[in-house]
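S.K.:
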Amino acid sequence: MNKPQSFFHLHLISDATGETLLAAGRAASAQYKDARAIEHIYPLIRTEKQIAKVFEDIEEEPGIILYTVVDQKLAHGIDERCAAMGLPCVSVLEPVLTVFQSYLGTPAGRRVGAQHVLDAEYFRRIDALNFTMDHDDGQLPANMDDADVVLIGISRTSKTPTSIYLANRGIKTANIPIVLGVPVPESLVNARTPLIVGLIATAERISHVRQNRILGNSSTYVPTDYVDRAAINEELAYARQICTRHGWPMIDVSRRSIEETAAAIVALRGKTR
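Numbered according to the UniProt record's numbering, the sequence shown terminates at residue 273, and the numbering increases by one at each position without gaps.
1. What does the Cβ neighbour count give for Ala-147, buried or exposed, with the cut at 16 atoms within 10 Å?
2. Would you kindly work out how many angstroms separate the C-alpha atoms of Ala-142 and Val-197, rounded to a whole number?
3. Considering only residues of the stretch 115-146, which uninterrupted alpha helix (DSSP H) runs meet the minimum length of 4 residues and lie entirely inside it, listed in chain order?
4. Between Val-99, Phe-100, Tyr-103, Leu-44, which has its C-alpha nearest Leu-74's C-alpha?
5. Are the Cβ atoms of Ala-24 and Leu-66 separated by less than 9 Å?
6. Do Tyr-42 and Ile-13 have their C-beta atoms closer together than 9 Å?
7. Taking the alpha helix (DSSP H) that Tyr-165 belongs to, which residues open and close that run?
8. What does the Cβ neighbour count give for Gln-5, buried or exposed, with the cut at 16 atoms within 10 Å?
9. Just list the beta strand (DSSP E) runs in the stretch 167-240, keeping only unbroken ones of 3 residues or longer that don't cross its boundaries, in chain order.
10. Run the CB neighbour count on His-11, radius 10 Å, all protein chains shown included, and call it buried at 16 or more, exposed below.
11. Would you mind stating whether Leu-87 and Ile-51 have Cβ atoms separated by less than 9 Å?
12. Buried or exposed: which applies to Thr-220, given that a residue is buried once 16 or more other Cβ atoms fall within 10 Å of its Cβ?
13. Is the number of C-beta pairs between the stretch 171-178 and the stretch 121-134 that are closer than 8 Å three or more?
14. Using only the alpha-carbon positions, how far apart do Val-70 and Arg-36 sit?
15. Using the Cα positions of Thr-47 and His-9, report the straight-line distance between them to the nearest angstrom.
16. Whose CA, out of Gly-270, Ile-154, Arg-124, Ala-262, lies closest to the CA of Ile-176?
17. Please name the residue, chosen from Asp-252, Ala-167, Phe-55, that lies closest to Glu-121 on a Cα-to-Cα basis.
18. When we look at the beta-carbon of Ser-218 and count the other beta-carbons within 10 Å, is it buried (16 or more) or exposed?
19. Taking Arg-256 as the reference, give the member of Pro-161, Gln-211, Thr-244 with the closest Cα.
20. Where are the alpha helix (DSSP H) runs, 4 residues long or more, that stay fully inside the stretch 7-79, in chain order?
21. If you reduce the DSSP assignment to three classes, tell me which class Leu-87 lands in.
22. Cβ atoms of Val-227 and Ser-254: under 9 Å apart, would you say?
23. Just the C-alpha distance for Ala-262 and Ala-16, rounded to the nearest angstrom, thanks.
24. Given that a residue counts as buried once 16 or more other Cβ atoms are within 10 Å of its Cβ, and exposed if not, what is Ser-163?
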């Protein structure tokens, strides 16, 4: 018998965008299947006045407090307020900074938002994202050799979201749909630079995703072959045949999140370099 799901408040205080906190909070919350976090995110908190306003909200809905604030005076203030209210709080970065300081023998610079500096790496990610959007769903197939990664697969194998996730890591990613009976572009077959990866899934998974897509479509046209599992199995067999013929690796995305699929692709890139 499943336990009823409970809810708790999770307050995330950051002097930057809050992305680090959100990832840490969700990773921890995911370990508790019977408890769901109600997230309260407070980004760009850099003054005592802002801290005071945040704690007015926390008093209304108390819970766990996670924070990333590099200003030690502000951080100390957060710790004191949490102690006074009897609420648990954790400075997410502080234990990590302590380890870095111990190993490197020098204290951290404590620059707010240092990971978001507009450096060459930042503009590399922007360039990758622009490339990926321009090469989504088979667009501009002629210049596949400009890509770092090309994802191929039948409809609803998460090619586009995976491509965008990789682009946000600075990896230029194109994606090309595989259609039953239609050869892949010659430019892809002849490409020598990119890692080409086939994304596949079970027919059941693809049928389910396609059915949801149809239900969300206002059109009265319902393509039955699109969700038919036998037809999907033919598409998958064709996709596997193409990948096998060209020696392209395949990843089954049936039970993988976008992040896990992207991590597997990054690992493949490391092996092929």
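C-beta atoms are modelled at their ideal positions from N, C-alpha and C, and glycine is treated no differently.
Values in this document were obtained by computation on a predicted structure and should not be read as measured data.
M.R.: The answer reads as follows:
1. buried
2. Using only the alpha carbons, I get a separation of about 18 Å.
3. 120-134
4. Leu-44
5. It is a contact, given that the beta carbons lie within the stated cut-off.
6. yes
7. 159-167
8. exposed
9. Those beta strand (DSSP E) runs which fall completely within the stretch 167-240 and span 3+ residues are 173-177, 195-200.
10. buried
11. no
12. With a pLDDT of 49 at Thr-220, under the threshold of 50, the modelled position of that residue is not reliable, and no figure is offered here.
13. Segments in contact, yes.
14. 28 Å
15. Each residue's alpha carbon lies about 23 Å from the other.
16. Ile-154
17. Ala-167
18. Only weak support is given to the placement of Ser-218: the predicted model assigns it a pLDDT of 49, under 50, and the question is left unresolved by the model.
19. Pro-161
20. Along the length of the stretch 7-79, whole alpha helix (DSSP H) runs at least 4 residues long occupy 19-29, 48-60, reported in chain order.
21. coil
22. no
23. 25 Å
24. buried
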